[in-house]
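Mapping to full-length UniProt numbering: the sequence shown position 294 is 294, numbers consecutive. Here is the structure we will look at.
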Amino acid sequence: MTKKLTPLEIMERLVSFPTVSRDTNLPLVDWVQDYLSSHGIESHRWVDPDQPHKAAVFAHVGPMEEGAVVLSGHTDVVPVDGQPWDTDPFTVVEKDGKYFGRGTCDMKGYDALAIWALVEAHEQGVKRPLQLALSFDEEIGCTGAPPMIEAMQPVLPKGSAVIVGEPSMMKAVTGHKGGTGYATHLVGFEVHSSLMHTGVSAIMQGAKLIDWANQQNAENMAKQPGEVQAMFTPPWTTCHVGMIEGGTAHNITAKDCRFMMDFRVVPGENAADWEAAYLAKVRTVEAEMQAIHPEARIDVSKHFDVPGLVPEQDGVAEALVRSLTGDNGSHVVSYGTEAGQFQKAGYSAVICGPGDIAQAHQPNEYITVAQFNAGHAFMRGLVEKLRG
């Protein structure tokens, strides 16, 4: 472990750990901590008390003072189940100018570059400190970042600029939509489907809520977006259900129906208003269910809540990234990240990382060699700047 690895060698190690969000990430965290320790860097882990098989890891190099640049990434990846991969998803394969593998783009490529930069900054010596922050459960709603950010506060001097390395083609992204997700469970009443009018089908009642989402999307799409909203793709708040389960048999009214209702809210609209609108529709449908059978019900709980990233006036993180990339364009994204959570905790935050978000979550996910090299050049420039 005393050998200093290249960014590619680090990415190969990280990708080899199948850290799908439903599984543990501890072997990866162990490896990161061992690797940093072998180069004389102390690191810290925060273990989720509700999920002891998952942990965040963070570290600091340079002067023990405030004002660090924080390189933030997540360790989890989405599943590969059912995807037609041409290669082993958990082995980095170089072909046609691309590095294939689950997480190469989103976002173990950036994680590898950040780890490399931390070791370089420690060995070269920096006047301004550098920090590494690797979270978990980003892919299920950025739920692992807030406790990590809280755990960092009493242990490390507070950083002044956070660079979240989600794939942005090395552009400075200064804003993103907020996101909320509501776990929805409808409980019906089972009867033979030939007498369905005496029962309550949780699935058919749930379809009313999903159709409400379709109607909201149609109405939002038809609106004329404001100047800020027009920067996003799409320029309106989206309502989405990605998975649904329930039912016992085709001839029984479904006892259960479960799904997640997600909202990605554009700036200028309030996530709380969307929550209120959804819960109002839930109560209407629930009343219709209970009119047939009083024990029917709908349970709703907030599963995740990701604040949007708001463009900052004279943002420290934005200025730093622009000085390194030369990018002066205005960029926002519709996906959510921990950048908004760092910003909410009092950090200046920006998104900048190698790769194209269009490749994330896809079978045969990849990052181009050119983008990975661009990320490496960015980190070299950052370390040089921190050396003063």
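Ideal Cβ positions, reconstructed from N, Cα and C, are used throughout, including at glycine.
Run the CB neighbour count on residue i, radius 10 Å, all protein chains shown included, and call it buried at 16 or more, exposed below.
i, result
"GLN359", "buried"
"THR368", "buried"
"THR184", "buried"
"GLY314", "Note that residue 314 is Asp in the sequence shown, not Gly. Per the 10 Å Cβ criterion, exposed."
"ARG264", "buried"
"PRO7", "buried"
"GLY159", "buried"
"PRO307", "buried"
"residue 396", "For residue 396 there is no data in the structure shown, the boundaries of the chain being 1 and 388."
"LYS95", "exposed"
"PRO89", "buried"
"LEU118", "buried"
"THR284", "exposed"
"ARG102", "buried"
"GLU66", "exposed"
"LYS281", "buried"
"LYS255", "buried"
"MET64", "exposed"
"GLN215", "exposed"
"LYS223", "exposed"
"MET11", "buried"
"ALA349", "buried"
Spell out whether any CB of chain B is found under 8 angstroms from the CB atom of residue i.
i, result
"PRO267", "Of the protein chains in the structure, only one exists, and it is not chain B."
Taking the CB atoms as reference points, tell me whether residue i and residue j lie closer together than 8 angstroms.
i, j, result
"residue 397", "SER43", "Residue 397 lies beyond the range of the chain shown here (1 to 388); nothing can be said about it."
"ASP111", "LEU26", "no"
"GLY246", "CYS257", "yes"
"THR174", "LYS302", "no"
"HIS74", "PHE136", "yes"
"PRO129", "GLY188", "no"
"ALA151", "TRP46", "yes"
"ILE351", "GLU138", "no"
"THR253", "SER194", "no"
"GLU365", "THR91", "no"
"LYS127", "LEU320", "no"
"ASP48", "PRO147", "yes"
"GLU266", "PHE304", "Here residue 266 is Val; the residue named in the question, Glu, does not match the sequence. Their beta carbons are not under 8 angstroms apart, which means VAL266 does not touch PHE304 by this criterion."
"LYS4", "HIS39", "yes"
"VAL383", "ALA121", "yes"
"GLY268", "MET107", "no"
"GLU338", "VAL164", "yes"
"VAL20", "ASP76", "yes"
"ARG297", "GLU286", "yes"
"ILE149", "ALA345", "yes"
"THR2", "ALA172", "no"
"GLY355", "GLY109", "yes"
Three-state secondary structure (DSSP) at residue i?
i, result
"LYS3", "coil"
"TRP236", "coil"
"TRP31", "helix"
"ILE163", "strand"
"VAL369", "helix"
"VAL285", "helix"
"LEU113", "helix"
"PHE100", "strand"
"HIS197", "helix"
"ASP88", "coil"
"ASP299", "strand"
"SER330", "coil"
"SER323", "helix"
"ILE351", "strand"
"GLU338", "coil"
"ILE252", "strand"
"GLU107", "The residue you asked about is not Glu; residue 107 is Met in the sequence shown. Coil at MET107, not helix or strand."
"MET169", "coil"
"GLU318", "helix"
"GLY242", "strand"
"VAL15", "helix"
What residues are listed by DSSP as bridge partners for residue i?
i, result
"MET260", "ALA183"
"ASP48", "GLN51"
"ILE210", "According to DSSP, ILE210 bridges with nothing at all."
"SER21", "Bridge partners of SER21: none, in fact."
"LEU130", "VAL61, VAL69"
"ALA56", "TRP46"
"LEU309", "HIS176"
"GLU139", "Partner(s): none; GLU139 has no beta bridge."
"LYS95", "LYS98"
"VAL77", "VAL20"
"VAL265", "GLY178"
"HIS361", "The partner list for HIS361 (beta bridge, DSSP) is empty, contrary to what the question assumes."
Regarding residue i and the ligand FAD, is the C-beta to nearest heavy atom distance less than 7 angstroms?
i, result
"ILE252", "The ligand FAD is not part of the structure shown, which contains no ligands of any sort."
Within the chosen definition, does the segment 224 to 242 reach the segment 332 to 346 through at least 3 CB pairs nearer than 8 angstroms? Counting Cβ pairs under 8 angstroms, three or more are found: they touch.
Is there contact between the segment 27 to 42 and the segment 50 to 61, where contact requires at least three CB pairs shorter than 8 angstroms? At 8 angstroms Cβ cutoff, the stretches touch.
Is it true that the segment 195 to 211 meets the segment 291 to 308, where meeting means three or more beta-carbon pairs spaced less than 8 angstroms apart? Touching, per the Cβ criterion.
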